[in-house]
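Undergrad: In the numbering used here, the protein residues as written are 827 to 1240. Where a beta carbon is used, it is the ideal one built from N, C-alpha and C, also for glycine.
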């Protein structure tokens, strides 16, 4: 198959969004498919030293990564901290990706698979389909605009109506929608009233790369962390929805337990405020976003890995960090809405504990209980690893995608 992937994030940028399509595309090429990626120049969560010198000067570039043809287009450098600027950035990026794909030579894709959000990339794929043909598959990761509405980031009624209309149009125009959980599928069905073209494909985790490892590892050595220190880690985007205020407040409740230290690792709009909030606390350490290898080292060094979301996050999101934590054989402690899909996964896997969101006292009590009984953490870690191998391996998820693609192509030819 000739497969075109469209994504706003791609390595050398780090983070779950960039690695999802990279790992999927790499596995598809290993299976003999030709994969082309349209993306931007690296600018979010990336070390400057990782950027090829040619990429720093060009406005358009093509490179090979793991046998994938990666086409990069330089997008406008618009500040993203202000919502209206972030929206403008997404619109302009989508337009530039469209023209980049339109003028790709000798590229007639059988499948166009796009990562959303940003929602506007769905329009990019739709218009490319009109010119390039092929089947359009929309991979929905976050249910925008509902997620922004829940968090109070999107309040303008006209904008809400506009985005809901775009969302509804895309769900009707695509050949297939893929979502990562049953709750997300229910939302899409509610938007379009048709379930036949909406499929659940769990987000994959590379269980061959992310494996259980030694707790007393290079991460602890690099940061001079003694063996007796009990590390609680949060790693990922530090944004509005992650509710790290609850983590800082839990750390404050545990300040007299000297062996417990919290590591908040990542970047995002909330990071400066949270650093200032915790500046007088000795049991919290902030670190920048880690490369893939560094993230795995952090997981191995951790005694508990946190997943947190605000109570306003009513969309059934499954943070991808849960799957990585499970694959690494570490216990999950999650503070998030209990009606979503993530608590079901944690419960079914018996890989950790789910708590109601924004309850710092309960979080502190749970951490303290596991600290006093490390055998619980070991059991959760073993269970999580087993469940991840059986349900979320990259190989299994890629096979599901292949089956969907083949079905779409065969429908086209019949």
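(1) Looking only at C-alpha atoms, which of 1113, 1134, 1061 sits nearest to residue 1290?
(2) Closest to residue 1161 by C-alpha separation, out of 1150, 957, 1214, 1191, would be which residue?
(3) Is DSSP giving residue 1093 helix, strand or coil here?
(4) Go through its chain and collect everything with a Cβ distance to residue 940's Cβ below 8 Å, but skip five positions before and after it.
(5) Could you tell me which whole beta strand (DSSP E) segments of length 3 or greater appear in the segment 969–1003?
(6) Looking only at its own chain, which residues have a Cβ that is under 6 Å from the Cβ of residue 853, when we skip the five neighbours before and after it?
(7) Given a cut-off of 8 Å, decide if residue 1128 and residue 1156 are closer than it, judged by their beta-carbon atoms.
(8) Quick one: is residue 1152 buried, meaning 16 or more other Cβ sit within 10 Å of its Cβ, or exposed?
(9) Please state if the CB of residue 1006 and the CB of residue 967 are separated by a distance shorter than 8 Å.
(10) Express the C-alpha separation of residue 933 and residue 1200 in angstroms, rounding to a whole number.
(11) Looking only at its chain, what residues have a beta carbon closer than 6 Å to the beta carbon of residue 835, apart from the 5 residues adjacent to it on each side?
(12) Pick helix, strand or coil for residue 885, following the three-state DSSP scheme.
(13) Three Cβ pairs or more, each shorter than 8 Å: is that satisfied between the segment 1106–1120 and the segment 1143–1152?
(14) Roughly how many angstroms separate the alpha carbons of residue 1326 and residue 863, rounded to a whole number?
(15) Whole angstroms is fine: what's the gap from residue 1172's alpha carbon to residue 931's?
(16) Where does residue 862 sit, in a helix, a strand or coil, going by DSSP?
(17) Given a cut-off of 8 Å, decide if residue 1136 and residue 1067 are closer than it, judged by their beta-carbon atoms.
(18) From the DSSP secondary-structure annotation, give me the bridge partner or partners of residue 965.
(19) I think residue 1058 touches residue 1035, with their Cβ atoms under 8 Å apart; what is that distance to the nearest whole Å?
(20) Would you kindly report the start and end of the unbroken beta strand (DSSP E) that includes residue 1059?
(21) Residue 1132 and residue 1241 - do their beta-carbons sit closer together than 8 Å?
(22) Compute the Euclidean distance between the alpha carbons of residue 1180 and residue 1163, then round it to the nearest angstrom.
(23) From residue 1084 to residue 837, what does the alpha carbon distance come to, in whole angstroms?
(24) Would you mind stating whether residue 918 and residue 902 have Cβ atoms separated by less than 8 Å?
(25) So if DSSP puts residue 1025 in a beta bridge, which residue, or which two residues, is it bridged to?
(26) Got a sec, what are the start and stop residues for the beta strand (DSSP E) residue 1160 sits in?
(27) Considering only the beta carbon of each residue, do residue 1178 and residue 1213 sit closer than 8 Å?
(28) First and last residue of the beta strand (DSSP E) that includes residue 894?
(29) Helix, strand or coil: how does DSSP classify residue 1134 here?
(30) With a threshold of 8 Å on Cβ separation, who are the neighbours of residue 1043 within its own chain once the five nearest residues in sequence on each side are excluded?
(31) Beta-carbon separation of residue 1039 and residue 1061 under 8 Å?
(32) Consult DSSP for residue 1081 and reduce its assignment to one of helix, strand or coil.
(33) When burial is assigned at 16 or more other CB atoms within 10 Å of the CB, is residue 945 buried or exposed?
(34) By how many angstroms is the C-alpha of residue 997 removed from the C-alpha of residue 1016?
(35) Less than 8 Å between the CB atoms is what I'm expecting for residue 1086 and residue 1054, so what's the real figure, rounded?
TA: Let me spell this out:
(1) Past the edges of the chain, shown from 827 to 1240, lies residue 1290, and the structure says nothing about it.
(2) In the chain shown, the residue the question calls residue 1161 occupies position 335. From the listed residues 1150, 957, 1214, 1191, the smallest Cα separation to residue 1161 is found for 1191.
(3) As a position in the chain shown, residue 1093 is number 267, starting the count at 1. Here residue 1093 sits in strand by DSSP.
(4) Residue 940 sits at position 114 when you count from the first residue of the chain shown. The beta carbon of residue 940 sits closer than 8 Å to those of 831, 832, 833, 947, 948, 950, 951, 962, 963, 964, 965, all from its chain and outside the five residues before and after it, given in chain order.
(5) Positions of the beta strand (DSSP E) runs, each at least 3 residues long and wholly inside the segment 969–1003, cannot be given because no such run exists.
(6) On the chain shown, position 27 is the one that residue 853 refers to. The residues are 1220, 1224.
(7) What you label residue 1156 is simply residue 330 of the chain shown in a count that begins at 1. What you label residue 1128 is simply residue 302 of the chain shown in a count that begins at 1. Yes. Within cutoff.
(8) On the chain shown, residue 1152 is found 326 positions in, with the first residue counted as 1. Buried: at least 16 other Cβ atoms inside 10 Å.
(9) In the chain shown, residue 967 corresponds to position 141, counting from 1. In the chain shown, residue 1006 corresponds to position 180, counting from 1. A Cβ-Cβ contact shorter than 8 Å links residue 967 with residue 1006.
(10) If you number the chain shown from 1, residue 1200 lands on position 374. If you number the chain shown from 1, residue 933 lands on position 107. Cα to Cα, the separation comes out at about 54 Å.
(11) Against the chain shown, residue 835 aligns to sequence position 9. Within the same chain, 843, 844 come within 6 Å of residue 835 by CB-CB distance, once the 5 residues on both sides are set aside.
(12) Numbered from its first residue, the chain shown carries residue 885 at position 59. Here residue 885 sits in coil by DSSP.
(13) Contact check between the segment 1106–1120 and the segment 1143–1152: fewer than three CB pairs, one atom from each, fall below 8 Å, which does not count as touching.
(14) Any property of residue 1326 remains undetermined from this structure, which presents the chain solely from 827 to 1240.
(15) Against the chain shown, residue 1172 aligns to sequence position 346. Against the chain shown, residue 931 aligns to sequence position 105. Near 46 Å, if we compare the C-alpha coordinates of residue 931 and residue 1172.
(16) Sequence index remark: in the chain shown, residue 862 carries index 36 (1-based). Assignment of residue 862 by DSSP, reduced to helix, strand and coil, places it in the strand class.
(17) Walking along the chain shown from the start, residue 1067 turns up at place 241. Walking along the chain shown from the start, residue 1136 turns up at place 310. Yes.
(18) On the chain shown, position 139 is the one that residue 965 refers to. When beta bridges are read from the DSSP output, residue 965 appears opposite 941, 1004.
(19) Sequence index remark: in the chain shown, residue 1058 carries index 232 (1-based). Sequence index remark: in the chain shown, residue 1035 carries index 209 (1-based). Taking a contact as a CB-CB distance under 8 Å, the pair residue 1058 and residue 1035 does not count as one, their CB atoms being some 24 Å apart.
(20) Working through the chain shown from its first residue, we reach residue 1059 at position 233. Membership of residue 1059 in the beta strand (DSSP E) is indicated by the continuous run 1056–1063.
(21) The requested residue 1241 is not part of the displayed model; the chain covers only 827 to 1240.
(22) As a first step, residue 1180 is located in the chain shown; it is residue number 354 there, counting from the start. As a first step, residue 1163 is located in the chain shown; it is residue number 337 there, counting from the start. In a straight line, the C-alpha of residue 1180 is about 9 Å away from that of residue 1163.
(23) As a position in the chain shown, residue 1084 is number 258, starting the count at 1. As a position in the chain shown, residue 837 is number 11, starting the count at 1. Taking the Cα positions, residue 1084 is about 38 Å away from residue 837.
(24) Counting from 1 along the chain shown, the entry for residue 918 is found at position 92. Counting from 1 along the chain shown, the entry for residue 902 is found at position 76. Between residue 918 and residue 902, the gap from beta carbon to beta carbon is short of 8 Å.
(25) Along the chain shown, one-based indexing puts residue 1025 at 199. Secondary-structure assignment with DSSP links residue 1025 through a beta bridge to 1004.
(26) Here residue 1160 corresponds to residue number 334 of the chain shown, with the count starting at 1. Residue 1160 -> beta strand (DSSP E) spans 1158–1161.
(27) In the chain shown, the residue the question calls residue 1178 occupies position 352. In the chain shown, the residue the question calls residue 1213 occupies position 387. Going by beta carbons, residue 1178 and residue 1213 fall outside the 8 Å limit.
(28) As a first step, residue 894 is located in the chain shown; it is residue number 68 there, counting from the start. Here the beta strand (DSSP E) through residue 894 covers 894–899.
(29) Position 308 of the chain shown holds residue 1134. Of the three classes helix, strand and coil, the one that applies to residue 1134 here is strand, per DSSP.
(30) Numbered from 1 along the chain shown, position 217 holds the residue referred to as residue 1043. So the list reads 1123, 1126, 1127, once near-sequence residues are dropped.
(31) Residue numbering aside, residue 1039 sits at position 213 when the chain shown is read from its first letter. Residue numbering aside, residue 1061 sits at position 235 when the chain shown is read from its first letter. No, they are not a contact pair.
(32) As a working note, residue 1081 is residue 255 in the chain shown. Residue 1081 falls in the coil class under three-state DSSP.
(33) Sequence index remark: in the chain shown, residue 945 carries index 119 (1-based). It is buried - the Cβ of residue 945 has at least 16 other Cβ atoms within 10 Å.
(34) As a position in the chain shown, residue 1016 is number 190, starting the count at 1. As a position in the chain shown, residue 997 is number 171, starting the count at 1. Rounded to whole angstroms, the separation of the alpha carbons of residue 997 and residue 1016 is 11 Å.
(35) Numbered from its first residue, the chain shown carries residue 1086 at position 260. Numbered from its first residue, the chain shown carries residue 1054 at position 228. 10 Å between Cβ atoms; not a contact.
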